[in-house]
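So the structure is just underneath, and the comments pick up after that.
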Amino acid sequence: MTQPIPMVEIWRGDLLESQHLGHAVVCDSSGNVVEAWGDDEKVIYPRSSCKMLQALPLIESGAADAYGLTPEQLALSCASHKGAAIHTDRVQVWLDTLGLQVSDFRCGPQKPSDKDAHEALIRAGKQPCQIHNNCSGKHSGFLTLNKHLGAGQDYVEVDHPVQRAARAAFEEMTGETAEFYGIDGCSAPNFSTTVSGLARAMARMAKPTGSDARAKASTRLVDAMRAHPDLVAGEGRACTELMRAMDGKVAIKTGAEAVFVAILPEQGLGMALKIVDGGTRAAEAAIAGLLVKYGALDANHPMAKKRLHGPITNWNGLITGHMRLSPGFIQL
1 MTQPIPMVEI WRGDLLESQH LGHAVVCDSS GNVVEAWGDD EKVIYPRSSC
51 KMLQALPLIE SGAADAYGLT PEQLALSCAS HKGAAIHTDR VQVWLDTLGL
101 QVSDFRCGPQ KPSDKDAHEA LIRAGKQPCQ IHNNCSGKHS GFLTLNKHLG
151 AGQDYVEVDH PVQRAARAAF EEMTGETAEF YGIDGCSAPN FSTTVSGLAR
201 AMARMAKPTG SDARAKASTR LVDAMRAHPD LVAGEGRACT ELMRAMDGKV
251 AIKTGAEAVF VAILPEQGLG MALKIVDGGT RAAEAAIAGL LVKYGALDAN
301 HPMAKKRLHG PITNWNGLIT GHMRLSPGFI QL
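Numbering (UniProt numbering), first residue to last: 1 to 332.
What follows is the structure, encoded as structure tokens:
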């Protein structure tokens with residue numbers, strides 16, 4: 001099948017009001033497709049779901065050890081955080097350790113999505129800066145690698161040594177040559193892959209083979225994410241809540257435009273999905289469904305129910321509808 005399939009339904013009363021279509025793939029660590037829905041060869045941008053792959057050179061190069069990076073910092077290098085104090089305070093310490101300034105970032109300023117952090121800025125009469133950018137952890141990793149390499153300051157340029165290293169790791173892990181690249185929201189290049197290529201990369205991170213630098217780097221990043229789900233996203237976010245619900249056994253990561261991936265070390269599996277209309281609610285429901293199907297997530301856990309069913313409420317607090325996985329996708 002080369003067309004997207006219905007994955008998530010939105011019901012209001014007895015009427016199917018909306019449908020979200022998508023593609024999804026589950027791979028094993030040998031790179032084999034275990035199960036697929038829609039078009040497993042659909043070319044997509046993974047957006048922030050691939051931050052773990054972009055962070056591999058940070059460890060493989062020796063930069064992480066040279067600057068004494070902690071598991072918390074490695075988790076932040078994979079994060080799309082809310083700009084809460086728990087995130088920005090750690091990023092600032094990271095910058096101080098490197099002897100760098102916020103102006104050395106190339107990710108751009110962003111209003112924090114954390115309510116307390118946003119209100120604190122307003123009360124202080126301050127504007128958001130680059131440290132509040134949800135990708136400032138990833139960019140701290142880029143800056144660390146850049147300082148280790150002694151390269152130029154514009155580390156987000158596609159031909160810069162930092163991005164060449166990130167692209168090489170990305171292509172090696174997906175097993176594909178990136179046909180396209182686009183500029184992400186944080187100004188770094190984002191390289192294309194198929195949905196199956198992205199799932200393959202996640203499976204390789206779930207069960208690395210050998211004892212080389214790539215295997216060790218993969219394990220360290222996945223372990224850091226599983227140990228610090230609060231740093232990977234933040235309170236109320238799907239990545240944090242679902243990783244907590246799985247007791248740190250699985251690492252998951254969302255990306256803009258409704259991409260989601262999962263790394264399941266115990267099962268030796270990687271998952272990737274893309275909702276074609278970019279709907280975040282559908283991507284969260286679909287990844288929760290896949291995690292339940294493969295035994296990583298309890299369908300009755302409140303955080304699973306929140307993503308799988310809703311409920312959908314109105315401004316008066318009344319339940320007006322519900323979500324459910326489409327019968328042709330997953331039946332739980």
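Just so it is clear, CB atoms sit at the ideal spot from N, CA and C, and this is done for glycine as well.
Model, not experiment: these values are computed from the prediction.
{"Item": "If we count the other Cβ atoms within 10 Å of its Cβ and call it buried at 16 or more, is residue 331 buried or exposed?", "Value": "exposed"}
{"Item": "Would residue 282 and residue 20 qualify as a contact pair, given that the criterion is a beta-carbon distance under 8 Å?", "Value": "yes"}
{"Item": "Pick out whichever of 167, 315, 138 and 40 has its Cα sitting closest to the Cα of residue 3.", "Value": "40"}
{"Item": "What are the start and end residues of each continuous beta strand (DSSP E) run of 3 or more residues lying completely inside the segment 186-263, in chain order?", "Value": "189-191 and 251-255"}
{"Item": "So the candidates are 24, 29, 25 and 33; which of them puts its Cα closest to the Cα of residue 209?", "Value": "29"}
{"Item": "Would you kindly check if the distance between the Cβ of residue 264 and the Cβ of residue 296 is under 8 Å?", "Value": "yes"}
{"Item": "Less than 8 Å between the C-beta atoms of residue 269 and residue 203, yes or no?", "Value": "yes"}
{"Item": "Could you tell me the boundaries of the alpha helix (DSSP H) in which residue 179 lies?", "Value": "Premise fails: residue 179 is in no alpha helix (DSSP H) and is neither H nor E."}
{"Item": "For residue 197, I'd like the list of residues in its chain whose CB is within less than 7 Å of its CB, leaving aside the five on either flank, ordered along the chain.", "Value": "174, 175 and 176"}
{"Item": "When DSSP builds the beta bridges, which residues end up paired with residue 18?", "Value": "10"}
{"Item": "Report buried or exposed for residue 191, applying the criterion of at least 16 other Cβ atoms within 10 angstroms of its Cβ.", "Value": "buried"}
{"Item": "Is the beta carbon of residue 195 sitting closer than 8 Å to the one on residue 24?", "Value": "yes"}
{"Item": "Have a look at 108, 104, 59 and 306 and flag the residue whose alpha-carbon is nearest the alpha-carbon of residue 183.", "Value": "108"}
{"Item": "Here's the rule I'm using: 16 or more other beta-carbon atoms within 10 Å means buried, otherwise exposed. How should residue 96 be labelled?", "Value": "exposed"}
{"Item": "Exposed or buried, residue 314, counting other C-beta atoms within 10 Å across all chains shown (16 or more means buried)?", "Value": "exposed"}
{"Item": "Count the other CB atoms within 10 Å of the CB of residue 122; is the residue buried (16 or more) or exposed (fewer)?", "Value": "exposed"}
{"Item": "Residues in the same chain with beta-carbon distance under 8 Å from residue 308, minus the five sequence neighbours each way, listed in chain order, please.", "Value": "285, 288, 289, 292, 299, 323, 324, 325 and 332"}
{"Item": "Is residue 86 helix, strand or coil when you go by DSSP?", "Value": "helix"}
{"Item": "Starting from residue 42 and walking both ways along the alpha helix (DSSP H), at which residues does that stretch end?", "Value": "No alpha helix (DSSP H) holds residue 42; DSSP gives it neither H nor E."}
{"Item": "Locate the alpha helix (DSSP H) running through residue 111, then write down its first and last residues.", "Value": "Neither: residue 111 is in no alpha helix (DSSP H) and is coded neither H nor E."}
{"Item": "With a cut-off of 8 Å on the beta carbons, I'd call residue 49 and residue 232 a contact; round off their distance for me.", "Value": "Not really, about 12 Å apart at Cβ, beyond 8 Å."}
{"Item": "Which residue marks the beginning of the alpha helix (DSSP H) containing residue 58, and which one marks its end?", "Value": "56-60"}
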